[in-house]
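Visitor: Please read through the structure below; I'll follow up with questions.
Number of protein chains: 2
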Amino acid sequence: MRQVTSFNPPVRTLMGPGPSDVNPRILSAMARPTIGHLDPAFVAMMDEIKLMLQYAFQTKNELTIAVSAPGSAGMETCFVNLIEPGDKVIVCQNGVFGGRMKENVERCGGIAIMVEDNWGEPVDPGKLEDALKAHTDAIIVAFVHAETSTGVVSDAKTLCNIAHKNDCLTIVDAVTSLGGSELLLDDWGIDAVYSGTQKCLSCTPGLSPVSFSEAAVNRIQSRKTRVQSWFLDLNLVMGYWGENAKRAYHHTAPINSLYALHEALVILQEEGLENAWRRHQSNHILLREGLKALGIGFIVEENARLPQLNAVSIPDSVKDEAQIRQTLLNEYGLEIGAGLGNLAGKIWRIGLMGYASNKKNIAHCLRALQDVLN
Amino acid sequence: MRQVTSFNPPVRTLMGPGPSDVNPRILSAMARPTIGHLDPAFVAMMDEIKLMLQYAFQTKNELTIAVSAPGSAGMETCFVNLIEPGDKVIVCQNGVFGGRMKENVERCGGIAIMVEDNWGEPVDPGKLEDALKAHTDAIIVAFVHAETSTGVVSDAKTLCNIAHKNDCLTIVDAVTSLGGSELLLDDWGIDAVYSGTQKCLSCTPGLSPVSFSEAAVNRIQSRKTRVQSWFLDLNLVMGYWGENAKRAYHHTAPINSLYALHEALVILQEEGLENAWRRHQSNHILLREGLKALGIGFIVEENARLPQLNAVSIPDSVKDEAQIRQTLLNEYGLEIGAGLGNLAGKIWRIGLMGYASNKKNIAHCLRALQDVLN
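Dropping the structure here:
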């Protein structure tokens, strides 16, 4: 075998759809010495993570933890625990991730009823109401709060309200919203939510914060069938993240990744959640004005734009958009995101997430775009 | 909410069943700046990980990757991909993890036929032969190579041979063996294997190296039903870890954890696999002699002992074994493992894994035991 040597990553500025630039404090935390996952000191740290995640999600939910795997496993955690074979689920799709929800429902043996909106537009509450009228036996409504593929925010409060009026629980994708823009679990009535660490928490990827309401926990505890995944079965995971006394061995937690998440949440707490939201918004406006000067416009209506994920049209003058992104990466160390699915080749996604949402990054990005587009 | 401050872990010596002490080189690698998961530099690093995992597993298997979640998700990856509803699987159980395999089979809709051996003894090849005679419709044999709960190694080569003679594929748990004692995938005929990073690779926990033979890949690609897990579906994951050209977005890889695994594998390559096995063996003998002088004996027959996981009887003089472990932790910063399942309260598990398998740790452990047992 050829000899492989240590890997030293190139220096990048991460302004894509995530991972975003990681705060050096978080990288340092991650490199602290590993301790055992049943060590009392570690268990106490997990309790602090729980507390700080409750703050970040604005919830009192007891079952608020980090799944030991990336956001897509957090999504799967919500679906495999809440859905049993034959269950009918309304899935609102307005981008890539609604499609993944459908996949999840079907792999759980559930029936997915799709409510479709155009990519780049928010979920239409009227269409959800119609679907619930047509499917009175639906038990869950699932939708994406902040669509990472299109940069659109949907009105989660209204959608949850409609779902609850129709006796449905709600599963919400908040991968890109957590820490970046308003997200109020308890106030809005979100029953199950999953997020990621590598977006507006500016942490390394690999964990998925999740939270479940009492109604969701009741549903999980009164299932007639076993959860199809052993690894993601919350009935088992609850024993691991539960009170000290009953801490039962389930799997080995990703210790150092949890150090990182802990530090990310300490940083969020220091800044204050509302201040973080405001920072994302004001930096979004700075970027928007700069892009306007370059003749670059958004694909999303102003009132449905996510400040942390700016989905913009690729200027007509650009013949090879992949080449532009490659030049940005190679000559400016700058990563911006390509379009996904239907929008591949049509849009760029410029992230301003967490630590990466700052004036220096905006100036660098605007200057680089100006250079390469001329 | 009360203000939470940064977490600084206590300094420990990890001589339990894993995580084991992490090499500082690996912690440094983990703290390097995060780059994008589709960055060409990152993709090239993934290819190097693949290459080095093939070396560590001693295999030419193309599908040799790290699952983006801990060992128990690696286990689930093997089962959900290879088993379809109604499939009959022979599961050999001689400790905790065989029981978890049974859970996995059943949650996939399979039928688990159990072959039971006493905890602390290796799997009996004769019993496997009998089970295969009684169940000619079985299609898979699953067993644990290195039982982390008992410190026993089973004869994987013989068991795989028997399975193949009966037209069965093999699923093997090598969580504790990888990098610590002989493991020869291709030579032994292992079709699917999963391991962990936090044992003899001395890496942080959170990833699960897996490898699949051509026969296993054929089985996966010719399934009649969809894999029940979206996150662990290898048909999708293969597109992510495949050749550069077709690298398709599946999930966001845990970038920094993969930096760590890369460095762990570079270290293993520098030492040489056979040298690592020899080091584990000679340190095991050092520990064994020291324990003998303290009157502490092993629960496993000499020829079936894992050098990296020493399962020993708790001396009769000890009235409160949990108290002893607590004193070791608090006064010596030393973590050793408790018994699991049937063996809880009866044994201790002393790990000598990877970087933690060294003379300093052995001296510290023996001296501490001598102190607290007197």
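Protein sequences appear in the order of chains A and B. Using my numbering, the letters of the first sequence correspond one by one to residues 584 to 957. Using my numbering, the letters of the second sequence correspond one by one to residues 584 to 957. Even for Gly, the Cβ is constructed at its ideal location relative to N, Cα and C. As the structure is a computational prediction, the values presented were derived from the model and not from experiment.
#1: Taking C-beta to C-beta, are Ser737(A) and Pro705(A) nearer than 8 Å?
#2: With a threshold of 8 Å between beta-carbons, can Ser611(A) be considered close to chain B, or not?
#3: For a minimum of 4 consecutive residues, which ranges assigned as the alpha helix (DSSP H) are wholly contained in the segment 730 to 817 of chain A?
#4: Which residue or residues does DSSP assign as beta-bridge partners of Thr596(A)?
#5: In chain order, what residues of the same chain have a beta carbon less than 8 Å from the beta carbon of Ala649(A), not counting five sequence neighbours either side?
#6: Using a Cβ cut-off of 8 Å (strictly closer), state whether Ser651(A) contacts chain B.
#7: Let me see if you follow: with CB-CB separation under 8 Å, is Gly619(A) close to chain B or not?
#8: Just to make sure I have the definition right: I need the residues of chain A whose C-beta is within less than 7 Å of the C-beta of Met635(B). Which are they?
#9: Does Ser812(B) come within less than 8 Å of chain A when only Cβ atoms are used?
#10: Tell me the DSSP bridge mates of Cys675(A)?
#11: Counting along the chain, where does the beta strand (DSSP E) carrying Ile933(B) start and finish?
#12: Quick one, which residues of the segment 837 to 855 of chain A are near chain B if we go by CB-CB under 7 Å, in chain order?
#13: Thr647(B) bridges to which residues according to DSSP?
#14: With a cut-off of 8 Å, does the C-beta of Pro906(B) fall near any C-beta of chain A?
#15: To the nearest angstrom, how far is it from the Cα of Arg932(B) to the Cα of Cys743(B)?
#16: Among Ser900(B), Trp824(B) and Lys710(B), which one has its Cα closest to the Cα of Asn957(B)?
#17: How long is the line joining the alpha carbons of Thr660(A) and Arg595(A), rounded to whole angstroms?
#18: For the beta strand (DSSP E) containing Ser564(A), name the first residue and the last one.
#19: Going by other Cβ atoms of all chains shown within 10 Å of its Cβ, with 16 needed for buried, is Thr808(B) buried or exposed?
#20: Which residue from Val810(A), Leu869(A) and Pro600(A) puts its Cα closest to that of Ala894(A)?
#21: Could you tell me which residues DSSP pairs with Ala725(A) in its beta bridges?
#22: I'd like to know if Glu686(B) contacts chain A, where contact means its C-beta is closer than 8 Å to some C-beta of that chain.
#23: If we cut at 8 Å on Cβ distances, does Ser805(B) have a partner in chain A?
#24: Write down every uninterrupted run of the alpha helix (DSSP H) in the segment 604 to 644 of chain A whose length is 4 residues or greater and which is fully enclosed by it, in chain order.
#25: Taking just the CA atoms, how far does Lys942(A) sit from Leu911(B)?
#26: Would you list the residues sitting across from Leu892(A) in a DSSP beta bridge?
#27: Report the neighbours of Arg932(A) on chain B: residues whose CB is nearer than 7 Å to its CB, in chain order.
#28: The alpha helix (DSSP H) spanning Cys661(A) covers which residue range?
#29: To which residues of the same chain is Leu665(B) closer than 7 Å at the C-beta, ignoring the five residues directly before and after it?
#30: In terms of residues, what are the limits of the alpha helix (DSSP H) holding Ala714(B)?
#31: What is the rounded straight-line gap between the Cα of Phe726(A) and the Cα of Cys675(A)?
#32: Between Met684(A) and His747(A), what straight-line distance do the alpha-carbon atoms span, to the nearest angstrom?
#33: Using the DSSP secondary-structure output, state which residues sit across from Phe881(B) in a beta bridge.
#34: For Ala828(A) and chain B, any beta-carbon pair shorter than 8 Å?
#35: I want to verify the contact list: residues of chain B whose CB lies under 7 Å from the CB of His867(A), in sequence order.
#36: Just curious, the alpha helix (DSSP H) that Asn944(A) is in, first and last residue?
Guide: The structure says:
#1: yes
#2: yes
#3: 739 to 748, 768 to 771 and 797 to 804
#4: Leu917(A)
#5: Ile632, Leu636, Thr780, Leu790, Ser791, Pro792, Val793, Leu841 and Leu844
#6: yes
#7: yes
#8: Val587
#9: yes
#10: Val698(A)
#11: Ile930 to Gly934
#12: Pro837, Ile838, Asn839, Ser840, Tyr842, His845, Glu846, Val849 and Gln852
#13: Ser794(B)
#14: The sequence given here has Gln at residue 906(B), not Pro. Taking Cβ atoms only, chain A never reaches closer than 8 Å to Gln906(B), which makes this a no.
#15: 28 Å
#16: Ser900(B)
#17: 32 Å
#18: Because chain A here runs from 584 to 957, residue 564(A) falls outside it and cannot be looked at.
#19: exposed
#20: Pro600(A)
#21: Val674(A) and Ile754(A)
#22: yes
#23: no
#24: 607 to 613 and 623 to 640
#25: 50 Å
#26: Leu889(A) and Gly934(A)
#27: Those do not exist, as Arg932(A) stays about 12 Å from chain B at its closest Cβ, beyond 7 Å.
#28: Gly654 to Leu665
#29: Ile723, Leu752, Ile754, Ala775, Ala799, Arg802 and Ile803
#30: Pro708 to Ala717
#31: 5 Å
#32: 19 Å
#33: Val895(B)
#34: For Ala828(A), the predicted structure reports a pLDDT of 46, less than 50, and the residue's modelled location is therefore unreliable. A value from the coordinates is still provided. Chain B contact via Cβ: absent.
#35: None at all; the shortest Cβ gap to chain B is about 21 Å.
#36: Lys942 to Leu956
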